[in-house]
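Be aware that the sequence shown starts at 218, since it is given in our numbering, and climbs by one per residue. Cβ atoms here follow ideal geometry from the backbone N, Cα and C, with glycine treated the same way. Heads up: the structure comes next, in structure tokens.
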Amino acid sequence: MSVWGKLFTAMRGGANEAAESVADKQALRILDQEIRDAEASLRKARSDLAGIMASNKRMARQIEDARQKEARDTESARAALQAGREDLARGLADRIATTRQEVHRDQGELERMQASQTQMTRAIQETEHRLQQMRREVENVKANESLIKAQSAIAHSQSGVNSKLGNAMDSLERIRRRQDETRGRIEAGAELAALESGSDLDRQLAEAGIGGRSSSSADDVLAQIRGDSTPALEQSRDPLGIERKSN
């Protein structure tokens, strides 16, 4: 196959796929229209059947009238023969023969039309039954289609909710990480400030129980003064316990 032939085949395939895609999307609408077309054809068939039935009834009445006419002519022919009027009897006999031919022809036509009527009636009944089944199936398909759309909408909504929840959890986690980082920076800054001021070392010594208290009370100060003054008094006394006087 040439390149142009392949391209043409590909174009036809694409057109068929596009047509099938459109047909699939409009399947229910197309199906409804097909059912409406079938119902219109069924109404036309019923109308034709009604016409056939009317014709058959009319022909049956015509045949019955012809038979009654034949019976009357037969009685008249007998009467003419009894009256010696063979000419009248022959004329009636010719008319009876013509009537019988007409009845035979009409009877054959009636039987043919009655057979058509029976066949058409059966076809219409079968079509009506199939249409009823088709309507039920279409209703089921529509119900299933609505259910599928509802389930799809719910699934889509659930997916959106899950996605939003996932985004919210991610945002919450980012906020927590940012708060932890900020808290860590604050604590690190406080530790650096303590190291620079020396308070951190004092704090660590105090926690270890090493060194005195950084502040003194009044009692501590008086005790310290008393302790400092006692050695001076002892030095001012002589070994014998006599207090020396300064010059």
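Nearest C-alpha to Leu266 among Arg295, Gly301, Ser333: Ser333.
Between the alpha carbons of Ala306 and Ala288 lies a gap of roughly 14 Å. Taking the Cβ atoms as the reference, Ala294 lies roughly 7 Å from Ile313, within the contact range of under 8 Å. The alpha-carbon separation between Arg284 and Gly308 amounts to approximately 17 Å. When the five nearest sequence neighbours on each side are left out, the beta carbons in the same chain lying within less than 6 Å of the beta carbon of Met337 are those of Leu266, in order along the chain. For Arg295, the enclosing alpha helix (DSSP H) has its first and last residue at 244–299. For Arg302, the three-state secondary structure derived from DSSP is coil.
For Thr315, the closest of Ile280, Ile341, Ala340, Glu345 by C-alpha to C-alpha distance is Ile280.
Taking Leu245 as reference, the option from Asp282, Val355, Leu259, Val320 with the minimal CA-CA separation is Val355.
Around the C-beta of Leu327, 16 or more other C-beta atoms lie within 10 Å, and the residue is accordingly described as buried.
Beyond the five residues adjoining it in sequence on each side, Ala340 comes within less than 8 Å, by CB distance, of Ala262 in the same chain, given in chain order.
Here Asp436 is exposed. Its C-beta has fewer than 16 other C-beta atoms within 10 Å.
Straight through space, the alpha carbons of Arg393 and Ile403 are spaced by roughly 15 Å. The beta-carbon distance between Glu256 and Leu348, rounded to whole angstroms, is 7 Å. This is short enough to meet the 8 Å contact definition. Restricting attention to Arg322, Leu248, Glu292, Gln299, the CA atom closest to the CA of Met276 is found in Arg322. Gln396 has its alpha-carbon roughly 14 Å from the corresponding atom of Asp387.
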